[in-house]
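Residue numbers (our numbering): -15 to 276. In this text, a Cβ means the ideal position worked out from N, Cα and C, and glycines have one as well. Below is one structure, written out as structure tokens; the observations come after it.
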Amino acid sequence: MESNSSLEFVKCNVCGADKTRTIIPTMKNLVKCLNCGLIYRNPRIHQEAWIDSQKQSPYKNTELTFHSAEENIMKHTISRLQKRFKGKSVKLIDIGCGFGAFLNLIKDSGWDISGMDVCKDATDFVKDKLNIPVLCTYITNSGLKDNTFDLVTMFSVIDMLNDPKKQLQDVARILKKDGLLVMRINNGLWHAALSRFNFLLNRIGIYPAVIHLYALRPKDVKKLLELTGYKNIVIENSKFTKGDIYNTGGVFGKYFVILGKFAMYYFSEMVYYFSFKQIALFPTIMAYAQKN
């Protein structure tokens, strides 16, 4: 863990309470709010230090690998969005665009598209290689005008932010009335539960649990969206990435991971539909919400 001087203690981002308990003895800074149940890291690195740490990417020169791995997810999302906005002029910004996997696939749609990321390596790639307008900044400091966008996308971003509630308010500000926010999020139901077994799994090189600053469960996502000015909220299981780009399979290899993804996805879909679309269990979820 970082030295105490580089860390900050924060209150629950959902309910504002300041009473927590550690949920995993080996992960002292992973806590659960005793009021609403939100799981998050506390203490954690200061926001400014986190932004500085993201300015260079550990995945530089592997951009096309990530584009290929995420293609299935992105194409499925694009197909849905094109049906929803059929025949309309759409102004879109992809916040946390990374190396532009989503933007690269949608750039020939005729929409007015742009990206945003704090990582200069990523934004340089999007600007220079993909020829797509992009801002290298943080949403809170972006200076974007109110009521500008019809559509905002955030793939694998919100659980990495120090203050998701504030950032969702910032997104609502730049969305037009009834504008759409689309997010892909690590499912805290899965990752927090699996983290309890990290001490065993990590010994054989398996790293399936991913918790950044928050382990957001579907109900946490829904509550945050309601609190920050959104309506018509839909949360569902996400499609999954190809292969094992993060090498999480350890001694079992990538085919173990691929098989596990297929099995878990179809099991999660069965639960989702049998629960009348109330329970999303897959390790990643999609959230769709309109600005009030």
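Close-in-space but distant-in-sequence residues of the same chain around residue i (CB under 7 Å, 5 per side omitted)
i, result
"residue 223", "56, 57, 60"
"residue 5", "15, 16, 18"
"residue -8", "27, 28, 30"
"residue 263", "255, 256"
"residue 290", "Beyond the ends of the chain as shown, which are -15 and 276, falls residue 290; an answer cannot be given."
"residue 8", "14, 179, 180"
"residue 147", "-3"
Rounded C-alpha distance that separates residue i from residue j
i, j, result
"residue 133", "residue 226", "30 Å"
"residue 98", "residue 64", "19 Å"
"residue 26", "residue 164", "31 Å"
"residue 260", "residue 54", "28 Å"
"residue 91", "residue 116", "8 Å"
"residue -15", "residue 70", "Note that residue -15 scores a pLDDT of 46, beneath 50, so its modelled location is shaky and nothing firm can be said."
"residue 102", "residue 35", "7 Å"
"residue 162", "residue 177", "35 Å"
"residue 68", "residue 253", "22 Å"
"residue 175", "residue 141", "16 Å"
"residue 195", "residue 111", "30 Å"
"residue 239", "residue 143", "28 Å"
"residue 215", "residue 87", "26 Å"
"residue 274", "residue 33", "32 Å"
"residue 188", "residue 179", "15 Å"
"residue 85", "residue 0", "35 Å"
"residue 52", "residue -10", "37 Å"
"residue 113", "residue 83", "10 Å"
"residue 139", "residue 269", "10 Å"
"residue 160", "residue 72", "14 Å"
"residue 217", "residue 237", "37 Å"
"residue 197", "residue 221", "21 Å"
"residue 93", "residue 66", "9 Å"
Sequence-distant residues of the same chain with beta carbon closer than 6 Å to residue i, five excluded per side
i, result
"residue 145", "151"
"residue 166", "137, 272"
"residue 258", "none"
"residue 158", "128, 132, 133"
"residue 74", "95, 134, 135"
"residue 172", "23, 199, 200, 201"
"residue 267", "171, 174"
"residue 107", "101, 118, 120"
"residue 130", "157"
"residue 185", "none"
"residue 153", "212"
"residue 38", "102, 103"
"residue 265", "252, 255"
Sequence-distant residues of its chain with Cβ nearer than 8 Å to residue i (five each side left out)
i, result
"residue 10", "182, 183"
"residue -2", "17, 20, 22, 149, 204, 207, 208, 211"
"residue 2", "-5, -4"
"residue 62", "86, 89, 90, 93"
DSSP three-state assignment for residue i, whether helix, strand or coil
i, result
"residue 99", "strand"
"residue 275", "strand"
"residue 194", "coil"
"residue 242", "helix"
"residue 111", "helix"
"residue 8", "coil"
"residue 255", "helix"
"residue 22", "coil"
"residue 265", "coil"
"residue 16", "strand"
Heavy atom of the ligand HEM within 7 Å of residue i beta-carbon
i, result
"residue 67", "Here there are no bound small molecules, and the ligand HEM is not part of this structure."
Min CB distance residue i to chain C below 8 Å
i, result
"residue 130", "Within the model displayed, chain C is absent; a lone protein chain is all it includes."
* **Segments of 3+ residues assigned as beta strand (DSSP E) that fall wholly inside the stretch 116 to 177** => Runs found: 118 to 120, 133 to 139, 159 to 170.
* Taking 8 Å as the threshold, find out whether the stretch 199 to 210 comes into contact with the stretch 238 to 248 through three or more Cβ pairs. => Counting Cβ pairs under 8 Å, fewer than three are found: no touch.
* To do: Ignoring anything shorter than 4 residues or poking outside the stretch 26 to 89, list the alpha helix (DSSP H) runs there in chain order.
  => Runs of the alpha helix (DSSP H) inside the stretch 26 to 89: 31 to 37, 47 to 68.
* Give a yes or no on contact between the stretch 120 to 133 and the stretch 67 to 87, applying the rule of three or more CB pairs nearer than 8 Å. => Result yes; three or more Cβ-Cβ pairs closer than 8 Å.
* **Continuous alpha helix (DSSP H) assignments of at least 4 residues falling wholly in the stretch 199 to 239** => Whole alpha helix (DSSP H) segments, 4+ residues: 202 to 211.
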